[in-house]
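As numbered in the numbering used here, the sequence shown has no gaps in its residue numbers, which increase by one up to the final residue, 467. Using N, Cα and C, we set each Cβ at its ideal position, and we do this for glycine too. None of the values given here were measured: they were computed from a predicted structure. First comes the structure, then the notes that go with it.
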Amino acid sequence: MCAGYPWFGEWGRDTFLSLPGLTLARGRPEVCRAVIDGALPFLRAGLLPNIYGTSQSDSHYGSVDAALWFARAVSMFVESGHADPDRVRRHYLPALREIASSYRDGTSLGIGADDGGLIAAGGPELNATWMDARTAEGPVTPRDGCAVEINALWYALLDLLAELETADSQARKWRSARDLAGETFLERFWLDDGRYLADRWFEGEPDRKVRPNMVLAAALARSPLTRSMRQDVVGRAHDELLTPRGLRTLSPADPDYIGTYGGGCDERDHAYHQGTVWPWLLGFYTEAALRAFGASEIPTLRRIWSEVLGQLDEAGLEHLSEVFSGDEPYEPGGTIAQAWNTAECLRAARLLDDPRWR
């Protein structure tokens, strides 16, 4: 999938994150299956490209999370009821095993499991998560080490594998890895004094910055978080990150916060993940809020989305701009149409109409 118009190309992270919203939420499971199938020849040492070429050789493998978002897309395809279980085990289970084994044992991009069963990735000059802006000085938002959303997705992958395996020994292996990862996840990321999730674990310490990556973790169905923890994460995000355009990438209370997305290239790159608002994050906020509070949140969530959708006629017609400034009046920036913004609008609409919350 093209990540954004007019200047982004076919990106793996954006494709697999967007896939459930652009296909399953629209009643198009056959398209979901086709995109998943099309990714399989590109799997290399457990990784999928962040920038697709025509083959492995001319694709760029620079993302720790593309393969993990792929696994989530497979999981949601399975849960949709449109996937043939035998076909899933024949075609997708080997790929999921390769991803998990490569991440556990170590592959490129500094990816590997540590003694606590969590995944570390990146390095001083390499940001392999979605917060990957860099200038001549290096990464703007260092996130090497164990990032919270990466390890939430890792836990979800292990849980999916334990569910799909038919051999007891294989299922036990993945359950054991999942349980270790879940226990360590809570030990490292849950900040009991602040009642929210750290953004990363690095050199034996939690990064206490309030960022929306904790919301991604709180939204996932397969998660070690309790309902109470999800409620606290959503509450913190509501108080510090939520805007009428989406979620800020950093709390305004943080000294590194930048409230305006604009200026030259370096200025925009510095602001990109340091306070700038991304609309797609609101889809995960919606899911996290529903998992945390249930149907009581639906009226509030509908009001929030009505404000966001008012932007459909403001820049790219019938689309949401890539980003917005974190401070009022929340000026739009970036591409005039972004796949994951559209995808999460569609997915949120389906979530809000889902009778399971009632």
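Leu152 is positioned such that its CB atom lies no closer than 8 Å to that of Ala209.
Boundaries around Pro315 are those of the beta strand (DSSP E), Glu314 to Asp316, since no alpha helix (DSSP H) includes it.
Excluding its 5 nearest sequence neighbours in each direction, Glu427 has C-beta neighbours in its own chain below 6 Å: Leu421, listed in chain order.
Rounded to whole angstroms, the separation of the alpha carbons of Glu139 and Leu351 is 34 Å.
In this structure, Leu306 lies near Val257, with their beta-carbon atoms less than 8 Å apart. Here Trp283 is not near Tyr212, since their CB atoms are 8 Å or more apart.
Note on Cys454: 16 or more other CB atoms within 10 angstroms of its CB, so buried under the neighbour-count rule. At the C-beta level, Asn260 and Leu227 come within 8 Å of one another. Taking 8 Å as the cut-off, the Cβ atoms of Gly372 and Ser434 do not count as close.
Every unbroken stretch of the alpha helix (DSSP H) spanning 4 or more residues and falling wholly within the region 317-356 is given here in chain order: 322-328 and 336-349. Proximity to Pro388 across Pro441, Gly355, Glu396 and Ala362 peaks at Gly355, based on C-alpha coordinates. Taking C-beta separations shorter than 7 Å and ignoring five residues to either side along the sequence, the partners of Leu325 in its chain run Glu258, Ala261 and Phe393, following chain order.
Per DSSP, the continuous beta strand (DSSP E) segment holding Arg309 begins and ends at Arg309 to Phe311. The beta-carbon distance between Cys111 and Ala328, rounded to whole angstroms, is 25 Å. This is too long to meet the 8 Å contact definition. Looking only at Leu266, Ala457, Trp116 and Arg377, the smallest Cα-Cα distance to Asp241 is reached by Arg377. Around the CB of Asp341, 16 or more other CB atoms lie within 10 Å, so the residue is classed as buried.
Linking Ala362 to Glu349 through their CA atoms gives a straight-line distance of about 8 Å.
Residue nearest to Ala346 within the set Arg304, Arg465, Leu334 and Pro315 is Arg304 (criterion: CA-CA distance). Under the three-state reduction of DSSP output, Thr395 falls in the helix class. In the structure shown, Phe433 adopts extended strand secondary structure according to DSSP, grouped into three states.
Secondary-structure assignment with DSSP links Arg153 through a beta bridge to Leu156. Each residue's CA atom was taken as its position, placing Arg339 and Arg297 some 16 Å apart. Note: Val187 is not bridge-paired with any residue in the DSSP secondary-structure output.
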